[in-house]
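These notes are about the structure you will find just below.
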Amino acid sequence: MTTTNKPVAADLDTLCVNTIRTLAMDAVQKADSGHPGTPMALAPLAYVVYTRHLRHNPRNPDWPDRDRFVLSCGHASMLLYATLHLAGYDLSLHDLQQFRQWGSRTPGHPEHGLTPGVETTTGPLGQGFANGVGMAIAEAHLAARFNRPGHEIVGHRTYAIVSDGDLMEGISHEAASLAGHLGLGKLIYCYDDNHITIEGNTDLAFSEDVAQRFAGYGWHVQRVADANDLAALDAALAAAEAERARPSLIVVRSHIAWGSPHKQDTAEAHGSPLGVEEIALTKAAYGWPVDRPFWVPDAAAAHFGACVGRGAALEAEWQQRFGAWERAFPDLAAEWRAAQAGELPAQWERALPAFTAGDGPAATRSWSQKVLNAIAPALPTLVGGAADLAPSTNTLIKGGGDLERDRWGARNMHFGIREHGMGGVLNGMALHRGVRPYGATFLIFSDYMRPSIRLAALMRLPVTYVFTHDSVGLGEDGPTHQPIEQLAALRAIPGLDVIRPADGPETAAAWRAALQRSDGPSVLVLTRQKLPAIDRTRFAPADGLLRGGYVLAEASGGAPRLLLLATGSEVGLCLAARELLEAAGTPTRVVSLPCLQLFARQAAAYRDTVLPPAVGARLAVELASPFGWHRWVGTAGEVLGIERFGASAPYERILQEFGFTAENVAARARAVLARVAGA
Ligand SMILES: Cc1ncc(C[n+]2csc(CCOP(=O)(O)OP(=O)(O)O)c2C)c(N)n1
14 MTTTNKPVAA
24 DLDTLCVNTI
34 RTLAMDAVQK
44 ADSGHPGTPM
54 ALAPLAYVVY
64 TRHLRHNPRN
74 PDWPDRDRFV
84 LSCGHASMLL
94 YATLHLAGYD
104 LSLHDLQQFR
114 QWGSRTPGHP
124 EHGLTPGVET
134 TTGPLGQGFA
144 NGVGMAIAEA
154 HLAARFNRPG
164 HEIVGHRTYA
174 IVSDGDLMEG
184 ISHEAASLAG
194 HLGLGKLIYC
204 YDDNHITIEG
214 NTDLAFSEDV
224 AQRFAGYGWH
234 VQRVADANDL
244 AALDAALAAA
254 EAERARPSLI
264 VVRSHIAWGS
274 PHKQDTAEAH
284 GSPLGVEEIA
294 LTKAAYGWPV
304 DRPFWVPDAA
314 AAHFGACVGR
324 GAALEAEWQQ
334 RFGAWERAFP
344 DLAAEWRAAQ
354 AGELPAQWER
364 ALPAFTAGDG
374 PAATRSWSQK
384 VLNAIAPALP
394 TLVGGAADLA
404 PSTNTLIKGG
414 GDLERDRWGA
424 RNMHFGIREH
434 GMGGVLNGMA
444 LHRGVRPYGA
454 TFLIFSDYMR
464 PSIRLAALMR
474 LPVTYVFTHD
484 SVGLGEDGPT
494 HQPIEQLAAL
504 RAIPGLDVIR
514 PADGPETAAA
524 WRAALQRSDG
534 PSVLVLTRQK
544 LPAIDRTRFA
554 PADGLLRGGY
564 VLAEASGGAP
574 RLLLLATGSE
584 VGLCLAAREL
594 LEAAGTPTRV
604 VSLPCLQLFA
614 RQAAAYRDTV
624 LPPAVGARLA
634 VELASPFGWH
644 RWVGTAGEVL
654 GIERFGASAP
664 YERILQEFGF
674 TAENVAARAR
684 AVLARVAGA
């Protein structure tokens, strides 16, 4: 084994690049886990982007007008961590040495909120690609909203590194198509064309002409033949920055594990450490000391560290411009600050409509449209749209305009039939800050965007989803469109609030609950079919929804023998069943439980007043899989749900066939009561 302990007299650029490489190799080796090859291949790219192109301030990673950088291939996380460390972010060498350890700030895949400078959580391939598109859309929208002639306070780019896996995943196709359509000129993506994925060469499964594909989407495409050619990278990035009408893709030919004598260009360099011997050989090839793990040459530290001074100057210059703008437009600046902080205007809730029973019957999707349009003027940050279903999801902001190329200030987005892309874009918009994004489709198609919803929850992003056509109650479209397991599946995502309102007042409260939440996403689950109005002068007010669940209709005498639990469209059904039960002498309480997560977060004492532990006779009624309800009905209770796929028919017939009639609910409830009483 040929090794040396003398650093080669490399030029400063090479020294910096090799510092990224060796830090990545060492961290993966120390953790005995991770992906060294791609950081080694892309170190020159990260170096050029961070030191020459990205307008960032390492000492203030939250500077609102910073350029965004997304590492979409999150498995190459050590590339990002090493670069952030060297560029002067608050990420120490010790942090790098804790790579992938419990409680560290350098987890296996980048996690937003944990590590300064990490703009989004990546790992599930393709998501970061779509996040960047959302960030660029938010930037364009906010620029249109806040910039004034002679005052540019929003003007930044979004950069990303994307990999073969990112480009194979469907979500990137959707997001790339949308980005090209919109002409997001400030989006600059570098594609790591290294010909390697886990199973081997990309020839095995990926043979399209990526450059042509992106040209077809309307992107500006360039090629860099050698990832080690810093001048070529520099020039391509500069040309991408000069291109303002189209997003840019720079296809960079790289070599995984570059410089490793035995691992370069092999899939082995993908997901496991190089090994002590191979690291020594590779370091020797770099002219690096082999016995100094985590070594950062002073010259590299100093050169990279200049990012700090440059970043401070960049932000100071922006602060000056911001100050002039703020003096000229103080009201606008106040709006900006609130939007950046994610604060809603004071007393925005006053814009919420007060519906009465006289306004019904109506579908909750219709109530939602009224709510959205009532609150939109009071909430200028609210921006969103549907995946080509706005006329059905009722999510158009009237007079909000269509957000399209050069109509960036508009508020209605058209995601096209791209649910997954929409999910990733919504996350990017929320990550960017300054907007409160919402996205809509049918509940059944939430499955198409579930990975992005999960990441919204993981990142605690305040995204609002409007999912309509929420059960077999949608009728004739049949089982392909009728959700069964979707509610349970969404409820299983930690941190996601799933809210299924029962009438107009609950729908207003549902929007309120979703929007007043700043630390996580919410789903509004709405019906296609009309629901009877609930007489709120007779029953409890709908603001009980803000506690997740509440006693809607008390049992006669105030001492229930039976509890009916329901959400959304089944609440009215339970009220009707209650009439039958009460008429037959059974004191019956109806509990509306529009958001089980919110209810679960209430103090036990409150929950016990709603669901008294002494009352074991409980029937939950929901037009969906019963999965998950047993926590609330207990061992003695039962669930009237659906454990098969739906059917194509008028919805009244479907409800009848599935037993969702007041008579059957009452009969099932009586059976539960009899069993509990007899036990
Ligand atoms: C959605 C998704 N599917 C599968 C994986 C598992 N995975 C991690 S990396 C990888 C291969 C990635 O290959 P490529 O994108 O070319 O990255 P490189 O090999 O160049 O590092 C796979 C399949 C993942 N992270 N995300």
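The sequence shown: position 520 = 533 (this note's numbering), numbered continuously.
Each residue gets a CB set at the ideal place from its N, CA and C atoms; glycine is no exception.
All values derive from a computational prediction rather than experimental measurement.
Any non-hydrogen atom of ligand 1 within 6 Å of residue i CB
i	result
residue 233	no
residue 510	no
residue 639	no
residue 434	no
residue 535	no
residue 214	no
residue 178	yes
residue 207	yes
residue 66	no
residue 138	yes
residue 86	yes
residue 210	yes
residue 135	no
residue 96	no
residue 279	no
residue 283	yes
residue 51	yes
Sequence-distant residues of its chain with Cβ nearer than 8 Å to residue i (five each side left out)
i	result
residue 190	230, 429, 431, 434
residue 256	198, 233
residue 16	Any reading at residue 16 must be qualified, since the residue scores a pLDDT of 42, below 50, and its modelled position is unreliable; no value is offered.
residue 235	249, 252, 253, 261, 262, 263, 264
residue 681	632, 651, 653, 672
residue 401	427, 428, 429, 430
residue 563	553, 557, 604, 605, 623
Buried versus exposed call for residue i [16 or more other C-beta atoms within 10 Å across all chains shown]
i	result
residue 277	buried
residue 115	exposed
residue 725	The structure shown does not extend to residue 725, since the chain is modelled only from 14 through 692, so no value can be given for it.
residue 289	exposed
residue 78	buried
residue 88	buried
residue 467	buried
residue 319	exposed
Closest residue to residue i among the options (Cα-Cα distance)
i	options	result
residue 185	569, 524, 165, 142	142
residue 313	126, 561, 29, 210	29
residue 417	148, 153, 336	153
residue 263	598, 247, 274	247
residue 521	366, 581, 207	366
residue 515	469, 599, 603, 462	603
residue 372	460, 545, 411	545
residue 158	585, 290, 586, 413	413
residue 311	268, 644, 75, 99	99
residue 130	170, 80, 163, 106	80
residue 622	571, 145, 308	571
residue 285	499, 666, 47, 438	47
residue 422	440, 437, 395, 291	395
heavy atom of ligand 3 below 6 Å from residue i C-beta
i	result
residue 107	The model depicted lacks ligand 3 and carries ligand 1 instead.
Own chain partners of residue i with C-beta closer than 6 Å, once the 5 adjacent residues on each side are dropped
i	result
residue 685	630, 632, 651
residue 689	629, 630, 649
residue 364	387, 388, 391
residue 44	112, 113
residue 242	none
residue 195	418
residue 547	516
residue 156	167
residue 555	518, 519, 522
residue 501	638, 640, 641
Same chain, Cβ closer than 7 Å to residue i, neighbours up to 5 away in sequence not counted
i	result
residue 18	The predicted model places residue 18 with a pLDDT of 46, which falls under 50 and marks its position as unreliable; any figure quoted below should be read in that light. Once the five neighbours on either side are set aside, the close Cβ partners of residue 18 are 302, 303, 304.
residue 327	68, 70
residue 552	565, 566
residue 174	55, 58, 84, 85, 86, 203, 205
residue 316	25, 29
residue 494	455, 457, 482, 487
residue 626	none
Neighbour flag for residue i against chain B, beta carbons, 7 Å
i	result
residue 214	Any reference to chain B falls outside this structure, which holds one protein chain only.
Runs of beta strand (DSSP E) lying entirely within the segment 144–226, each at least 3 residues, in chain order: With a minimum length of 3 residues, the continuous beta strand (DSSP E) runs that stay inside the segment 144–226 are 171–176, 200–206.
Segments of 4+ residues assigned as alpha helix (DSSP H) that fall wholly inside the segment 467–553: Counting whole runs of 4 or more residues, the segment 467–553 contains the alpha helix (DSSP H) stretches 499–504, 517–528.
Completely contained beta strand (DSSP E) runs for the segment 384–426, where each covers 3 or more residues: If only uninterrupted beta strand (DSSP E) runs of at least 3 residues are considered, those enclosed by the segment 384–426 are 395–399.
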